[in-house]
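S.K.:
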Amino acid sequence: MIHILYENAAWLPPLTRALEAKGVPFTAIFVDGGSFDLHAEPAPGIYVNRMSPSAHTRGHGDGVVFLREYLAHLESRGARVVNGSGPFALEVSKVRQHATLEAMGISTPRTIAVAGTRGLKPAARQMGLPFLTKHNMGGKGLGVQLFRDLAAFDSYVDGEEFEPAFDGVTLLQQYVEPRDGYITRIEIVDGRFLYALRASTAGGFELCPSDACQIQDDAFCPVGDSGKFGVSPLTADDPTVLAYIEYCRIHGIDAAGIEFVEDREGRRYTYDINMNTNYNSEVEAVAGVHGMDAWADLCDRLLREQETERLSG
Ligand SMILES: Nc1ncnc2c1ncn2[C@@H]1O[C@H](COP(=O)(O)OP(=O)(O)O)[C@@H](O)[C@H]1O
Ligand SMILES: [Mg+2]
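Take the sequence shown: its letter number 7 is residue 37 in our numbering, and every next letter is one higher.
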């Protein structure tokens with residue numbers, strides 16, 4: 031049995047449809063908090079973490095807090111979790127993402143992390159202009175604002191519009207002007223490159239290529255903005271693709287969409303890792319690859335391996 035731990039019902043059907051199509055048995059468990067007995071054995075099967083780092087924007091922030099502990103509990107009892115506690119610790123912290131990327135020699139934009147609000151203005155004076163703000167724990171462009179001068183930043187910090195991050199950590203980050211007006215997102219599942227997507231930055235900073243977000247008319251996923259996303263010509267032998275596959279291997283990440291922006295000089299800066307991708311069907315139709323099918327294949331493989339292990343005692 032596959033146990034899907036999910037937070038956003040709108041993002042669930044593509045995965046469950048893919049599992050049904052392959053005949054993989056599953057149960058879906060809604061998580062917006064919860065409790066568990068530390069001495070209880072988890073139900074047998076494979077667990078799939080589909081918690082979104084933007085859960086708090088839907089009133090489900092306790093789900094993140096719960097899963098952080100619960101995934102560790104499951105694993106300590108020997109359960110296999112897809113995108114388990116290690117990957118989840120990265121998912122909810124851009125600071126950790128950047129630190130681990132840099133440790134592997136993958137360049138990230140210059141970034142200052144600020145806990146609380148008092149340090150924001152002094153930190154801004156350490157940054158070059160332009161820079162942007164973003165939330166450490168984000169997704170769907172939370173707290174992303176571009177600043178070209180310090181006065182505008184100061185009044186943002188003092189004003190009504192300022193939105194504190196869920197974990198209290200705001201990042202100030204070097205703005206990398208995209209060379210051709212788009213950013214690239216590389217989709218990896220189970221150690222394999224699926225395809226790369228490019229998103230135009232013309233309309234702003236938003237990037238949530240999910241169909242579901244577009245349907246929901248989220249401010250960051252505009253409906254009918256179909257010209258925004260396309261298939262990138264990047265191929266499986268691209269050095270960035272290879273580096274990301276290695277990154278996922280080292281950190282035990284089963285599935286991730288990793289984003290980079292290329293500057294005028296052709297330097298690439300990686301700035302966001304997403305483990306809860308909701309794949310864009312228009313792009314996938316063109317690419318001829320379907321992310322959720324790859325998730326279903328992974329679940330199927332893990333279940334079979336578990337069964338083989340059980341039979342061999
Ligand atoms: N350092 C940067 N330079 C230029 N554009 C950026 C940078 N960081 C983020 N962006 C833009 O903002 C969008 C949202 O930022 P991101 O870090 O991906 O946050 P989220 O986790 O909310 O998706 C990106 O898709 C990109 O278009
Ligand atoms: Mg992003």
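Where is the CB? At the ideal position from N, CA and C, for every residue including glycine.
Could you tell me which residues DSSP pairs with Q336 in its beta bridges?
M.R.: None, per the DSSP bridge assignment.
S.K.: Reducing DSSP to helix, strand and coil, say where T138 ends up.
M.R.: Coil, per DSSP.
S.K.: Can you tell me whether DSSP reads A153 as helix, strand or coil?
M.R.: Three-state DSSP puts A153 in a helix.
S.K.: Around the Cβ of Q127, are there at least 16 other Cβ atoms within 10 angstroms (buried) or fewer (exposed)?
M.R.: Per the 10 Å Cβ criterion, buried.
S.K.: Indicate whether the contact test is met: 3 or more Cβ pairs, each with one atom in the stretch 212-223 and one in the stretch 311-324, closer than 8 Å.
M.R.: Touching, yes, given that three or more Cβ pairs across the two stretches are closer than 8 Å.
S.K.: Among the residues of its own chain, which have a CB less than 8 Å from the CB of F118, if the five just before and after it don't count?
M.R.: So the qualifying residues of the chain are N79, M81, L97, R98, L101, M305.
S.K.: Per DSSP, what are the beta-bridge partners of N38 in this structure?
M.R.: The partner list for N38 (beta bridge, DSSP) is empty, contrary to what the question assumes.
S.K.: Run the CB neighbour count on E193, radius 10 Å, all protein chains shown included, and call it buried at 16 or more, exposed below.
M.R.: Flag for E193 reads exposed.
S.K.: Given 7 Å as the limit, tell me if N166 has its C-beta closer than that to any heavy atom belonging to ligand 2.
M.R.: Because no heavy atom of ligand 2 lies under 7 Å away, the Cβ of N166 does not count as near it: no.
S.K.: Relative to ligand 1, is the shortest distance from any of its heavy atoms to the C-beta of Y205 smaller than 7 Å?
M.R.: Yes, the Cβ of Y205 comes within 7 Å of a heavy atom of ligand 1.
S.K.: Hey, is E289 close to ligand 1, as in C-beta under 7 Å from one of its heavy atoms?
M.R.: Yes, the Cβ of E289 comes within 7 Å of a heavy atom of ligand 1.
S.K.: Look at the Cβ atom of M134, then the Cβ atom of A229, and state whether they are nearer than 8 Å.
M.R.: Their beta carbons are not under 8 Å apart, which means M134 does not touch A229 by this criterion.
S.K.: Going by beta-carbon coordinates alone, are G221 and S84 separated by less than 8 Å?
M.R.: Against a cut-off of 8 Å, the Cβ pair of S84 and G221 comes out as no contact.
S.K.: Nearest CA to the CA of G53: which residue from A145, D330, A315?
M.R.: It is D330.
S.K.: Just the Cα atoms here: how many angstroms apart are V199 and F177?
M.R.: Approximately 18 Å, taken between the alpha carbons.
S.K.: Relative to the C-alpha of F183, which candidate in Q203, A285, D197 has its C-alpha closest?
M.R.: For F183, the nearest C-alpha among the options comes from Q203.
S.K.: To which residues of the same chain is T147 closer than 8 Å at the C-beta, ignoring the five residues directly before and after it?
M.R.: Excluding positions up to five away in sequence, the list reads V187, F192, P194, T200.
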